[in-house]
């Protein structure tokens, strides 16, 4: 194979051709010859049996010009297209097989994407350079004419990521491996971005100066060579970074000594002017606007909204003039962006008294970049009228965040179904010009970053019309990275990726603490702990398989899968263990001491995992695991702490504590206290097994014995002893023997279990549901005293209408904290209950009529408009429909907004609505009203009798499963 280019080719195309040739060598063992010719000779086009590849760009190639003059339909299709490529297999006279492939690009990036498409077709991962991921070997490379294709234009014009919050991880990585934030480091970043079909980058900025660190302009020149469109972060205007001003300011500086446009207008203007003169010659999206130093508010607290708006208007006018003078007088040819981030959003919209910058001449053709709430939930989105804005809209999204209420920077904790739900809504609302994602240090974010950029590149394939595509995407992504391992192993890796991200997304690592999951209620901690344990076992099995069968890719597997999955699941285990330690220590149970050792083992595992990550592959990832990630007590790592553990000093008396598992009920048996408990497990008709656990509080041998039990209940063991040393706890396994239950007309029977302890005896009431059950599919029956209904378990889904389009609730599989979620599509629809709104119907059976509370568990979405309305509607039976606002009238997003913080940290919003129910059958309708409503679960209980609190809420209760005939 040989790859031929013309001397007129872009230097970046020649550079990428070298990388693709290296990819071919990794696959075949033989590096293609690269020829750079003044003109492509005809003999080269037609000679030899081996493949010849010609890569060229329209407007830069005499060869393509000839091909076009010869009537190439493919090249005609590339006209006026951006970032497109065609794979053409031209016919050559007198030859049945030409062995010639022409990769033609509509522009520089189009050609580069076309070249990297060859790598993809050969099974080369986009992370071949970034992670050292080796492709499967092929004895012979086969190119076929049925591979001919013409790529479509990317769905989003500017698609990129932001390297942010880069200390201590990315910064130490750069210094250790490359000596700084220089062109050697950015060479790998630029290649990664292009292989992922991105085109736009915000560089590191906490301590870095992109235009100086190359050294000098080498970073910017290399970016331009590659075809990377550069920008600066949302608060760094006119191609200059905040760190630059920090180094250049001073009393005698031409730039003055104050980042203040009012008091230092001349100095700040000069600072911007010189930035545009220096870097304006490259391909950029120029950030405009202004915030305060270090990403703070632009003016002091005493400034009015009007003051801020006028200052920002003045800034924009000045910047506009500077750009015309020093970049291009035709502003339509200069992409510019303003980020409506934090307080700048207020300045854009204004209020009822003060007109904002919306529609201002200064922003006429500027991209308006909207933002999420830093936790992956979109904020305001453009109305239909706003979508007419000539500059279009962008979105700044976060996979990493440094800020209040709690930072999350250490490791990937984002979940693909959530990214899909939010970013597909952004696109549906017309946000199609620019997508930027904060990836922190890049490392461990490769998986969600790939998905984000693939959505932006091909929204038709991965966007709104591809409902529940994330499972398919995950499997495709795993095949792309680990195509050389067995398919069964690939499927297991995909399962691991889906499962660990779902678990850690429930509560991000830094916000996890021993109190997050309830230690005993609903057996919540036990269930999560078991999930983590099973996942870690799968992970270890895959590790050993790859170590044995594919050792050349073990370090890449560790970087992309093992380290983030192991790190997060080990942390989940550790915090649960610490929670158990606290809980049982407070009960005086000596088994609490065992959890101390296990917590310490997890701490050691955490240290070893980071150490392994830093040392593997000759220190390829050194520094990337340095971020603090345990026990944040503030929004940042200040005063963070490792788990605090307790040790129990055993009592010097015989003492056994009896606990009803799945509840916080416990007793010692003393006649002076209430020793009765209730075990409600068998009120669930699906349940036939439960348990009671006995805990030693002493290091003296103490005996227990079951004195009484119902005939329909098996208990094992019936008696025994604990000594707080070799026997610290024992579980009594209870099995319901249904055939022994007495015949009865009652819905419930109950009996009791009596257990003798050294202090006396404990009595546990054991009720069993024996009533007639409604078995119609998804009809819930109140057997527990409350109902817990997963949103996907509705009886009927009735579509609505919005502007002649059907609106329908769809099941977002796996989306919710416990199961899935329901959301109406198209996601920009606004509907009226009882007229054109879609709705879900839930049916349930109650024993008693009365006032009940329905608690709705919802995704913590934000209103998409400034009206602070996130509406849904509820109707019970024939009662009036009640429209409910999921957020308060004064709802706010951001620093010190406690209600918002509670929702994003717990990944749920809970709201209670009173409903009047009747005995017997009830039908609850839930209507979609405004965009952003995503329902995960409904819990219904009698007024004032809320089920015991737990992080995930009550597990789903009994419901019928029989399909109607």
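In the numbering used here, the protein residues as written are 1239 to 2203. Yeah, the Cβ is synthetic: ideal placement off N, Cα and C, and Gly gets one too. Fair warning: this is a prediction, and the values are worked out from it, not measured in the lab.
Buried/exposed call for residue i, threshold 16 Cβ in 10 Å
i, result
"residue 1975", "exposed"
"residue 1887", "exposed"
"residue 1311", "exposed"
"residue 1485", "exposed"
"residue 1857", "exposed"
"residue 1300", "exposed"
"residue 1617", "buried"
"residue 1488", "exposed"
"residue 1274", "exposed"
"residue 1859", "buried"
"residue 1911", "exposed"
"residue 1627", "buried"
Beta-carbon proximity of residue i to residue j, cut-off 8 Å
i, j, result
"residue 2196", "residue 2021", "yes"
"residue 1514", "residue 1564", "yes"
"residue 2081", "residue 1983", "no"
"residue 1355", "residue 1323", "yes"
"residue 2158", "residue 2084", "yes"
"residue 1582", "residue 1503", "no"
"residue 2172", "residue 2059", "yes"
"residue 1350", "residue 1251", "yes"
"residue 1809", "residue 1731", "no"
Distance, residue j Cα to residue i Cα
i, j, result
"residue 1455", "residue 1801", "35 Å"
"residue 1243", "residue 1433", "20 Å"
"residue 1848", "residue 1885", "28 Å"
"residue 2192", "residue 1762", "9 Å"
"residue 1675", "residue 1968", "51 Å"
"residue 1713", "residue 1728", "7 Å"
"residue 1736", "residue 1756", "24 Å"
"residue 1501", "residue 1557", "17 Å"
"residue 1525", "residue 1497", "17 Å"
"residue 1550", "residue 2034", "52 Å"
"residue 1789", "residue 1370", "12 Å"
"residue 2118", "residue 2071", "11 Å"
"residue 1630", "residue 1571", "14 Å"
"residue 2175", "residue 2045", "21 Å"
"residue 1446", "residue 2037", "53 Å"
"residue 1908", "residue 1805", "45 Å"
"residue 1658", "residue 1698", "13 Å"
"residue 2091", "residue 2181", "6 Å"
"residue 1288", "residue 1555", "59 Å"
Enclosing alpha helix (DSSP H) for residue i [first to last residue]
i, result
"residue 1511", "1503 to 1517"
"residue 1246", "Looking at the DSSP string, residue 1246 is not in any alpha helix (DSSP H), and its letter there is neither H nor E."
"residue 1938", "Per DSSP, residue 1938 belongs to no alpha helix (DSSP H) and is neither H nor E."
"residue 2138", "2136 to 2144"
"residue 1843", "1830 to 1857"
"residue 2117", "Where residue 2117 is concerned, there is no enclosing alpha helix (DSSP H), given that its DSSP letter is neither H nor E."
"residue 2205", "One cannot answer for residue 2205 here, as it falls past the ends of the chain, which runs 1239 to 2203."
Delimiting residues of the beta strand (DSSP E) encompassing residue i
i, result
"residue 2180", "2172 to 2180"
"residue 1793", "No beta strand (DSSP E) holds residue 1793; the alpha helix (DSSP H) holding it covers 1792 to 1795."
"residue 2166", "2158 to 2166"
"residue 1291", "1290 to 1295"
Would the segment 1292 to 1300 and the segment 1334 to 1348 be scored as touching if the rule is three or more Cβ pairs under 8 Å? yes
Pairing CB atoms from the segment 2064 to 2076 with CB atoms from the segment 2185 to 2198, are three or more of them under 8 Å? No, the segment 2064 to 2076 does not touch the segment 2185 to 2198.
Tell me, please, whether the segment 1650 to 1670 touches the segment 1996 to 2012 by the rule of three or more beta-carbon pairs shorter than 8 Å. no
Given 8 Å, three or more beta-carbon pairs between the segment 1737 to 1745 and the segment 1761 to 1778: Yes, the segment 1737 to 1745 touches the segment 1761 to 1778.
Check whether the segment 1818 to 1825 touches the segment 1840 to 1857, counting contact only when three or more Cβ pairs, one atom from each stretch, lie closer than 8 Å. no
Whether or not the segment 2107 to 2114 and the segment 2150 to 2157 are in contact is what I'm after, with contact meaning three or more pairs of Cβ atoms, one per stretch, closer than 8 Å; do they touch? Short answer: they touch.
Evaluate the contact criterion for the segment 1683 to 1702 versus the segment 1648 to 1661: three or more CB pairs, one atom per stretch, below 8 Å. Contact holds: three or more Cβ-Cβ distances are below 8 Å.
Touch check for the segment 1932 to 1950 and the segment 1828 to 1844: three-plus C-beta pairs under 8 Å? Contact check between the segment 1932 to 1950 and the segment 1828 to 1844: three or more CB pairs, one atom from each, fall below 8 Å, which counts as touching.
Taking 8 Å as the cut-off, does the segment 1537 to 1551 touch the segment 1505 to 1512 (at least 3 CB pairs, one atom from each stretch)? no
Inspect the CB distances between the segment 2125 to 2144 and the segment 1602 to 1614 and report whether three or more fall short of 8 Å. Output reads yes: the segment 1602 to 1614 touches the segment 2125 to 2144.
So, do the segment 2099 to 2109 and the segment 2073 to 2080 have three or more beta carbon pairs nearer to each other than 8 Å? By the C-beta criterion, the segment 2099 to 2109 is judged not to be in contact with the segment 2073 to 2080, since fewer than 3 inter-stretch pairs fall below 8 Å.
Any chance the segment 2046 to 2053 sits against the segment 1706 to 1722, with 3 or more Cβ pairs inside 8 Å? yes
Count the CB pairs spanning the segment 1418 to 1434 and the segment 1456 to 1466 that are closer than 8 Å, and state whether there are at least three. yes
Check whether the segment 1983 to 1997 and the segment 1936 to 1946 touch, using three or more Cβ-Cβ pairs below 8 Å as the test. yes
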